[in-house]
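Participant: Just remember that the numbering used here sits 76 ahead of the position in the sequence shown, which is counted from 1. Just so you know, even glycine gets a beta-carbon here, dropped at the ideal spot from N, CA and C.
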Amino acid sequence: MEQTAHILTANVRKARGGDSEALSWLYQQYNRGMFNICTRMTGTRNDAEDILQEAFIIAFQKLHQLKEDHLFGGWLRKIVMTECIRFAKQTFYWSDWNEQYDDMADDTDDDWWLLVSPELIQQEIKLLPDGCRQIFNLYTLEDYAHKEIAGLLGISESTSKSQYQRARQLLKERLTKKVATDGSF
């Protein structure tokens with residue numbers, strides 16, 4: 077672990093100086109994980125590739141701003157998330173709060189999904205409408221609060237809550253149907 081941190085730190089320093097091998101090493105170390113985030117947030121491979129490329133360009137251009145070299149991974153993740161959010165603001169349509177979701181938020185049984193495989197859940201998350209998927213991922217997987225999501229995306233907090241509840245409801249309906257027809261979890 078300590079050796080890995082030392083290698084990372086050394087490569088960040090070299091990359092800051094323009095060393096192409098170090099830049100390539102950083103890209104190879106982080107591109108897969110960051111691509112997965114981009115894919116989860118955008119829903120399409122092409123958009124994810126574009127965002128990932130832009131995020132790495134920004135990171136490499138601003139590498140001099142990174143204060144602690146060993147924190148490169150977290151710093152890069154923040155840049156990736158910022159780019160995903162920027163993309164969402166430009167691309168997705170956000171429907172406003174719908175009062176029906178107030179009741180749904182209270183009535184939703186939180187344990188239903190425990191019986192479904194993570195792979196099946198992940199597959200269905202990818203099929204959610206863009207706005208729902210984006211907010212579901214930010215809230216559930218990235219641990220943002222609805223207030224933070226609203227500020228980042230330029231939407232109201234209630235719209236964030238509505239999109240989240242809609243995503244949960246769609247997931248529940250689709251997964252329940254899939255389990256009923258396929259008989260598998």
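1. Suppose the cutoff is 7 Å on Cβ atoms and the five residues either side in sequence are ignored; what does the same chain contact list for Lys90 look like?
2. Could you check which residue in Ser236, Arg92, Ala243 and Tyr103 has the C-alpha nearest to that of Arg153?
3. For Ile83, which option in Phe148, Glu125 and Arg116 has the closest C-alpha, if you only look at C-alpha atoms?
4. Whole angstroms are fine: how far does the CA of Gln241 sit from the CA of Asp182?
5. Leaving out five residues before and five after Thr118 in sequence, what residues of the same chain have Cβ atoms less than 6 Å from its Cβ?
6. Which whole-angstrom value describes the C-beta separation of His222 and Lys202, a residue pair presumed to lie in contact below a C-beta threshold of 8 Å?
7. Quick check: what's the CA-CA separation for Glu175 versus Val255?
8. Within its chain, find whatever has a CB closer than 6 Å to the CB of Ala135; leave out the 5 residues flanking it on each side and keep chain order.
9. Of all the options Gln245, Arg92 and Leu128, which has the alpha carbon lying nearest to the alpha carbon of Gly109?
10. Taking its Cβ as the centre, do 16 or more other Cβ atoms sit within 10 Å of Glu144, making it buried, or is it exposed?
11. From Thr216 to Ala131, what does the alpha carbon distance come to, in whole angstroms?
12. By DSSP, does Glu159 sit in helix, in strand, or in coil?
13. Please confirm whether Gln239 has its beta-carbon closer than 8 Å to some beta-carbon of chain B.
Facilitator: Here's the rundown:
1. Ala98
2. Tyr103
3. Phe148
4. Here Asp182 scores only 44 on pLDDT, less than 50, and its place in the model should not be relied on; the value that follows carries that caveat. So the alpha carbons of these two residues sit roughly 10 Å apart.
5. So the qualifying residues of the chain are Ala124.
6. Going by Cβ atoms, the distance from His222 to Lys202 rounds to 22 Å, so no, they are not a contact pair.
7. In this predicted model, Glu175 has a pLDDT of only 47, less than 50, meaning its place in the structure is not dependable; the value taken from the coordinates is given anyway. Approximately 29 Å, taken between the alpha carbons.
8. Within the same chain, and ignoring the five residues on either side of Ala135 in sequence, the residues whose Cβ sits closer than 6 Å to its Cβ are Leu152 and Ile155.
9. Leu128
10. exposed
11. In this structure, the straight-line span from the alpha carbon of Thr216 to that of Ala131 is close to 22 Å.
12. helix
13. Protein chains in the displayed structure number just one, and chain B is not present.
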